[in-house]
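Engineer:
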């Protein structure tokens with residue numbers, strides 16, 4: 169968007185619009201809809217095998233860059249399992265394990281960060297329609313910086329970043345706020 173010399177607002181709006189699709193920002197929403205459709209762990213293996221037999225795209229798996237596994241998944245998965253245990257919602261972790269195993273064993277496709285993210289948000293009481301806005305909020309400062317940088321030189325930018333914030337923070341549950 170910015171390389172077309174769109175202003176900040178236009179570029180941010182374009183970025184938000186591109187995130188809504190199920191292949192990017194909407195993927196964690198699609199993962200949660202899939203888990204709700206499956207319903208319970210006992211149905212997960214049959215569901216995923218049927219989806220693969222019909223050559224359906226299984227959301228939450230695969231990544232254009234991380235071919236042998238998304239480096240963000242182990243941390244998100246760890247906290248997903250902690251949230252599930254704390255809230256006694258282990259059905260999502262059991263579904264996760266079954267779906268992950270089948271996808272790796274049968275297709276050699278690893279989960280991406282959307283796979284643990286969708287059910288984690290859901291267990292925390294966050295409505296599915298808010299998943300993409302959360303995705304946007306976490307990126308808007310970086311987007312703005314990149315847009316301003318692009319406006320100064322108008323060269324193709326392929327940024328790499330490294331998080332330098334607090335390692336672990338306590339989060340108060342929604343029902344306790």
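Residue numbers (this note's numbering): 169 to 345. The beta carbon of each residue, even a glycine, is placed where N, CA and C say it ideally should be.
Quick check on this structure: which residue in 310, 309 and 287 has the alpha carbon closest to the alpha carbon of residue 119?
Structural biologist: Beyond the ends of the chain as shown, which are 169 and 345, falls residue 119; an answer cannot be given.
Engineer: From what residue to what residue does the alpha helix (DSSP H) around residue 204 run?
Structural biologist: Locating residue 204 in the chain shown gives position 36, where the first residue counts as 1. Where residue 204 is concerned, the enclosing alpha helix (DSSP H) stretches over 195-206.
Engineer: Which same chain residues end up closer than 7 Å to residue 257 when comparing Cβ atoms and leaving out the 5 residues on each side of it in sequence?
Structural biologist: For this step, residue 257 is matched to residue 89 along the chain shown. Here the set comprises 291.
Engineer: Taking 8 Å as the cut-off, decide whether the C-beta atoms of residue 181 and residue 315 are in contact.
Structural biologist: Translated into the one-based positions of the chain shown, residue 181 becomes position 13. Translated into the one-based positions of the chain shown, residue 315 becomes position 147. Against a cut-off of 8 Å, the Cβ pair of residue 315 and residue 181 comes out as no contact.
Engineer: Between the Cα of residue 341 and the Cα atoms of 308, 317, 312 and 293, which residue gives the shortest distance?
Structural biologist: Along the chain shown, one-based indexing puts residue 341 at 173. Ranking the options by Cα distance to residue 341, first place goes to 293.
Engineer: Could you pull out every residue in the same chain whose Cβ sits closer than 6 Å to the Cβ of residue 229, ignoring the five residues on either side in sequence?
Structural biologist: In the chain shown, counting from the first residue as 1, residue 229 sits at position 61. Closer than 6 Å at the Cβ level, and outside the excluded window around residue 229, lie 271, 277 and 279.
Engineer: By how many angstroms is the C-alpha of residue 184 removed from the C-alpha of residue 215?
Structural biologist: Residue numbering aside, residue 215 sits at position 47 when the chain shown is read from its first letter. Residue numbering aside, residue 184 sits at position 16 when the chain shown is read from its first letter. Near 31 Å, if we compare the C-alpha coordinates of residue 184 and residue 215.
Engineer: What number of angstroms, rounded off, separates the C-alpha of residue 249 from the C-alpha of residue 173?
Structural biologist: Position 81 of the chain shown holds residue 249. Position 5 of the chain shown holds residue 173. Straight-line Cα distance between these residues: approximately 44 Å.
Engineer: Hey, how far is the Cα of residue 209 from the Cα of residue 194?
Structural biologist: Position 41 of the chain shown, counting from 1, holds the residue named residue 209. Position 26 of the chain shown, counting from 1, holds the residue named residue 194. When rounded, the distance between both Cα atoms is 23 Å.
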